[in-house]
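Engineer: The numbering used here applies: residue 7 is where the sequence shown begins, and numbers increase by one.
We treat Cβ as the ideally placed atom computed from N, Cα and C, and that holds for glycine.
Predicted model only: the values in this text are computed from it and were never measured.
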Amino acid sequence: MRCPRILLCGLLLVPSWPVSGAESPRPLHVISFNMLHGGFRFRGDGQHLEERLAMAVEGLRGLDVDLIGLQEASSGRKRGDVAGRLAAALGLHYVRAPAGYRWVGRLASWAMGFDEGPAVLSRFPIVAWDAVPVDSCDHWYGRVLLCATLDTPWGPLDACSTHTASSTCQLRSLTRLLQARRGRAPRILMADLNSTPETSGVKRLLADDGLVDTFRAANPDAPGFTVWQPVRTEAPAVRRRVDYVLVAPGADTPVRVDASRVILDRPGHGADGNPLWPADHYGVLSEVEVF
Numbered sequence: 007m008r009c010p011r012i013l014l015c016g017l018l019l020v021p022s023w024p025v026s027g028a029e030s031p032r033p034l035h036v037i038s039f040n041m042l043h044g045g046f047r048f049r050g051d052g053q054h055l056e057e058r059l060a061m062a063v064e065g066l067r068g069l070d071v072d073l074i075g076l077q078e079a080s081s082g083r084k085r086g087d088v089a090g091r092l093a094a095a096l097g098l099h100y101v102r103a104p105a106g107y108r109w110v111g112r113l114a115s116w117a118m119g120f121d122e123g124p125a126v127l128s129r130f131p132i133v134a135w136d137a138v139p140v141d142s143c144d145h146w147y148g149r150v151l152l153c154a155t156l157d158t159p160w161g162p163l164d165a166c167s168t169h170t171a172s173s174t175c176q177l178r179s180l181t182r183l184l185q186a187r188r189g190r191a192p193r194i195l196m197a198d199l200n201s202t203p204e205t206s207g208v209k210r211l212l213a214d215d216g217l218v219d220t221f222r223a224a225n226p227d228a229p230g231f232t233v234w235q236p237v238r239t240e241a242p243a244v245r246r247r248v249d250y251v252l253v254a255p256g257a258d259t260p261v262r263v264d265a266s267r268v269i270l271d272r273p274g275h276g277a278d279g280n281p282l283w284p285a286d287h288y289g290v291l292s293e294v295e296v297f
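1. What separation, rounded to the nearest whole angstrom, lies between the Cα atoms of L217 and A191?
2. Mind reading off the beta-carbon distance from Q176 to C153? Whole number of angstroms is fine, and I expect it under 8 Å.
3. Which whole runs of the alpha helix (DSSP H) in the stretch 149-203 are 4 residues long or more, in chain order?
4. From A165 to H35, what distance separates their C-alpha atoms?
5. Quick check on the DSSP output: the alpha helix (DSSP H) that includes E56 runs from which residue to which?
6. Using the Cα positions of L163 and D278, report the straight-line distance between them to the nearest angstrom.
7. What's the call for D258, buried or exposed, on a 16-neighbour Cβ count within 10 Å?
8. Leaving out five residues before and five after M196 in sequence, what residues of the same chain have Cβ atoms less than 6 Å from its Cβ?
9. Between the alpha carbons of L98 and T239, how many angstroms are there, rounded?
10. Identify every residue that forms a DSSP beta bridge with R40.
11. Taking 8 Å as the threshold (C-beta atoms), are H54 and E78 in contact?
12. For G189, count neighbouring C-beta atoms within 10 Å of its own C-beta (all shown protein chains included) and say buried if the count is 16 or more, exposed if not.
13. Taking 7 Å as the limit between beta carbons, can you name the residues of its chain near N225, skipping five residues before and five after?
14. Take P299 as the anchor and find which of V294, R149, V244, P236 has the nearest alpha-carbon.
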């Protein structure tokens with residue numbers, strides 16, 4: 007499903023630049039981050055969205071990011087295209103696709119004042135992309151899998167972002183969609199699955215699609231909790247790991263995970279002086295070799 011309307015998706019193309027060390031492959035710095043859209047327009051300011059976006063920009067600068075998969079990347083009349091704003095601040099290409107309500111669609115987006123969905127931000131040019139629905143499995147809110155083909159100096163890379171409910175049925179649908187995309191290029195999935203690693207849906211996704219859980223590969227014993235963090239509470243409150251950077255090898259090269267860690271996991275302060283976190287999720291940064 008390609009997005010025919012500029013209001014529903016964004017593609018920012020900035021001039022590409024030579025990649026340092028392009029003669030030989032290097033580890034890619036990959037991030038998954040649920041930005042927290044912040045709720046309906048009549049409930050305030052998106053839970054301090056502008057301040058949280060500035061915190062995210064500041065936290066991501068200096069990480070030498072190659073690829074970011076966003077979830078809850080919103081776009082609306084007042085907030086603008088949040089993924090596009092983040093991409094512009096970091097000098098990245100991007101594409102975004104809305105998820106949405108199954109039955110009421112545009113009317114619901116109008117009532118909220120925004121739509122939201124996954125996005126892919128990339129240092130490398132985006133040469134193609136598509137967004138396909140994940141089976142709703144009787145859930146009232148739609149989900150999509152957004153995938154972009156990246157033109158890296160070492161060959162094409164399939165980069166995907168998605169956000170599912172805590173539904174084994176939806177994870178099975180996601181598994182089938184990813185299996186249909188199998189090819190020679192390596193694939194990276196950045197996802198908020200709303201499910202912990204020990205659930206049957208996540209286990210099956212990893213096994214059936216040949217995906218490597220990069221955080222667990224690099225940290226066999228660390229909990230790596232990413233949710234849920236009240237954005238105005240000073241103390242850390244996360245107790246579950248539901249955010250992932252998952253990697254599948256290409257036809258000719260195995261995957262190697264060099265490192266992985268939780269990021270955007272410290273509070274700052276809002277304009278009112280009170281504690282403020284970048285989102286209710288922490289991000290995950292993984293360094294992976296796929297070429």
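Structural biologist: Well, looking at it:
1. 13 Å
2. Wrong, their Cβ atoms sit about 17 Å apart, outside the cutoff.
3. 174-186
4. 13 Å
5. 55-66
6. 43 Å
7. exposed
8. S38, G75, S167, V251
9. 31 Å
10. Checking the sequence, you will find Asn at residue 40 rather than Arg. BP columns for N40 point to Q77.
11. no
12. exposed
13. S266
14. This structure leaves residue 299 out entirely; the chain is present only between 7 and 297.
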